[in-house]
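If you're matching them up, the sequences are chains A and B in order.
Under this note's numbering, residues 1 to 399 are what the first sequence spells out, in order.
Under this note's numbering, residues 1001 to 1288 are what the second sequence spells out, in order.
Cβ atoms here follow ideal geometry from the backbone N, Cα and C, with glycine treated the same way.
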Amino acid sequence: MIDRRTLLKTGAAALTATLASRTAFAQNGGDINVGVVLPLTGASAQFGINSRNGLELAVDRLNSSGGIKSMGGARIKLIVADATSAPTAAATAAQRLISQNEVVAVIGAYVSSLTLAVSEVLERRGIPLLTISYADQLTERGFKNVFRINPKASALGRAQVDACIDISADSGRKLERVAIVYEDTAYGTSQSAGLRAACKEKNLSIVMDEAYPQGITDVTPLINKLRAADAQVLFPVSYLNDTLQIVRSMRQQQVQVPVVGGAGGFILPEFGQSLGEFAEGVLSVNSSNYDLDPESAKLYRDRYNYPMVHDAIEHAALIEILAQTLEKTKSSAASDLRAAMTETRFEGGWINGMPGGAIDFDETGHNTLAVPIIIQWKGGEQATVWPKQFEKVSPTWTN
Amino acid sequence: MMVSFIQALLDGLMVGGVYAVISIGLTLVFGIMGIVNFAQAEFLMIGMFVAYFLWSVLGLDPLVGSFVAFAVVGALGYVLQRTIIKRVLKAPAVAQVFLTVGLLIVLENGALLAFGSQLRSVSVSYQTLSWKLGPFFISVPYLAAFAMSVLSGLALWLFLNRSWFGWAMRSTAQDPMAAQLIGINTDRLRAIAFGVGVGLTAFGGAVVLPYLSVFPTIGGQFIVLMFTVAVLGGLGSVAGAVVGGLAVGVITSVSALFLPVQLQNLVLFLVFIAVLAFRPDGLIGSAR
């Protein structure tokens, strides 16, 4: 259930998005404004809220432990704007944060298609964008102001395939026929491209390859096709609403194919809550997981009474990067920040939750140390099961 | 091939039944008041929330909760009609559009404020069940939603054709002046019609809860669909909404057999355009 605080915040964000930026003018001399553009309403709102919680936890702890020491204890102040589900709205929100709030950097916007829109604005203004979005093209357009800590979507797709081959081989099966379904926005499209490429490399035959619109309300045609396809594994790249429909519909129609999700809805606690026993055994690729850094995860769970999902972990890590950068540059000029971010190797603090253990951006803003992992739903929790060096519980292959 | 065709046909008819019920409200409101209610899909969302909370607080099955959703949203609709919709009945169409679109925004954001934006989903025992009929799978939640839709459609038909209210409502639609002259309180009847119209949509929202999740912006996923159904069948005609709903369900389901799922709306709108080109009043002509 939702507590009153989240309720008020969400509502306020929804209704007063335009007013919010004005009140932010009342800043103290020592505040460093950081813009946040996240989907707080619409189909992807849950991800946005989890992300914002991670940011707020990290910022509160930073500020209460003395802020940015090299800048006289300056405090980071988050200015949050709702990206909704529309790229144009996300871009407008970013524009407003820059012109009205003089933000030194922007964090966002979770959904790849929104992040792409925001990145265009920031590139023009020369302000750094820190993001966890997966779409490959974010760091492949020659932009100088995008910094992404997560693996690319194509790398996630590759990990899904590699993990499946490993895990099914452990239980004595040889993987030959796979099915791919994906939502047709930037995230689903680029991650499925990674899946497709990886399947070709490993000589797996793709017996089904279907895109569907994100707001789908009837997945039965999709599941009918899946049954006819006779695949050995299903790779869905979906957000939450579609994910629940797909898994339920599969159970209904008795399609017993192991599911290896492409992050998105498969790694939300609501997935486990809504599906109960039907969630058990479902695998998904992920970019971090709360069992990798239990200490931080406990801080989060104590405050929000909710698991520290990857969105929260990674956004907390973004604050860590920003704080370490500011500590080093002693200035909030965009060009200084950008240079320091490219040069520094970040580690410690909230970054401990990232599988790579550290973050090192290359020229394009891609984190060269990013590693995808695979989680499996076990007893209502997500356990890291792949690759071997991060394994907390050994994976099971149910078929 | 034949098996998958019949399967797709069955699935399409089942979802189509639900599409029909949620769109009947839209067509009813237009038929009786001449108002195009852009906020109609928001009442679907409210109906889903009513059923969701009945389930989460009282443990009531959404199929039972759907009757409560009908009553609650129907009452809300009655009040809304008497307080605000009534004022634009004789106003220019632009004012009517502004009002109902405004209502849409208020209801959606009100729900965001009250419930937060996260997804909520019920869990009921039959949610992941299906019956096997020879080579065919009949999804239990789909069948349940379809059965409830047929039930409510029949109830509405009886109400409109066999009750005094229905008779008075139809006369109000046909000739408000004459209806008033023979002693029908047309003001009150319009409010009842609006209540029944949005109540039915809410009812439809509640019966799909076992297989869909609810969140404040879900109306956006249905609004285009509802207008397609209503206009395809003939805006203002209840029978048209039924035919339109079934047609939309079957077209989207069957087209997925030979085209990518992503393109199901393409086929739907090609058919839609063709119907409007050859029969501008919809498949079943308008009641007005």
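Identification of chain A residues near residue 1023 (chain B) by a Cβ-Cβ cut-off of 7 Å yields none; the smallest Cβ-Cβ distance measures about 13 Å.
With the rule of 3 Cβ pairs closer than 8 Å, the stretch 247-259 of chain A does not count as touching the stretch 354-367 of chain A. When rounded, the separation of the alpha-carbon atoms in residue 121 (chain A) and residue 104 (chain A) is 14 Å. Sequence-ordered contacts of the stretch 272-297 of chain A with chain B read 273, 274, 275, 276, 278 [C-beta pairs closer than 9 Å]. Ranked by Cα distance from residue 245 (chain A), the first of B:1057, B:1232, B:1055, B:1127 is B:1127. When the Cα atoms are used, residue 169 (chain A) and residue 353 (chain A) turn out to be separated by approximately 29 Å. For residue 320 (chain A), no CB of chain B lies under 8 Å from its own CB, so it is not counted at the interface with that chain. By the C-beta density criterion, residue 210 (chain A) is buried, having at least 16 other C-beta atoms within 10 angstroms.
Our two residues, residue 1088 (chain B) and residue 1180 (chain B), have alpha carbons roughly 19 Å apart in a direct line.
The continuous alpha helix (DSSP H) containing residue 338 (chain A) extends over residues 334-343.
Close to chain A, meaning a Cβ-Cβ distance shorter than 7 Å, are the following residues of the stretch 1001-1014 of chain B: 1004, 1007, 1008, 1011.
Residue contact with chain B for residue 79 (chain A): absent (no Cβ-Cβ distance below 8 Å to any residue of chain B). Interface flag for residue 1271 (chain B) against chain A is unset, since no Cβ pair is found closer than 8 Å. Uninterrupted alpha helix (DSSP H) stretches at least 4 residues long and entirely within the stretch 117-192 of chain A occur at 153-170, given in chain order.
DSSP places residue 77 (chain A) inside the beta strand (DSSP E), whose first and last residues are 75-82.
Out of B:1067, B:1095, B:1237, B:1244, the CA that lies nearest to the CA of residue 1170 (chain B) is found in B:1237. When rounded, the separation of the alpha-carbon atoms in residue 292 (chain A) and residue 355 (chain A) is 7 Å. Going by C-alpha positions, residue 91 (chain A) is about 12 Å away from residue 35 (chain A).
Distance from residue 158 (chain A) to residue 207 (chain A) at the Cβ level is roughly 19 Å; contact not present, criterion being Cβ atoms closer than 8 Å. A direct Cα-Cα distance of roughly 15 Å separates residue 57 (chain A) from residue 107 (chain A). Neighbours of residue 248 (chain A) across chain B, judged by C-beta separation under 7 Å: 1127, 1128, 1211. Residue 1185 (chain B) is not bridged by DSSP to any residue.
Remark: C-beta atoms of residue 1165 (chain B) and residue 1192 (chain B) approach each other more closely than 8 Å. Of the candidates A:238, A:322, A:327, the residue whose Cα lies closest to the Cα of residue 43 (chain A) is A:238. Per DSSP, the continuous beta strand (DSSP E) segment holding residue 235 (chain A) begins and ends at 233-237. For residue 225 (chain A), there is no enclosing beta strand (DSSP E); the residue is part of the alpha helix (DSSP H) that begins and ends at 220-229. Counting the other Cβ atoms within 10 Å of the Cβ of residue 1007 (chain B) gives 16 or more, which makes it buried. Listed by position along chain A, the residues whose Cβ is nearer than 8 Å to that of residue 1118 (chain B) are 2, 45, 46, 49, 270. By the Cβ-count criterion, residue 1115 (chain B) is buried, with 16 or more other Cβ atoms from all chains shown falling within 10 Å of its own Cβ.
Scanning the stretch 1076-1148 of chain B for uninterrupted alpha helix (DSSP H) segments of 4 residues or longer gives 1093-1115, listed from N- to C-terminal end. Flagged as an interface residue toward chain A: residue 1217 (chain B), by a C-beta distance shorter than 8 Å. Distance from the CA of residue 78 (chain A) to the CA of residue 317 (chain A), rounded to the nearest whole angstrom, comes to 15 Å. By the neighbour-count criterion, in which 16 or more other beta carbons inside 10 Å mark a residue as buried, residue 235 (chain A) falls on the buried side.
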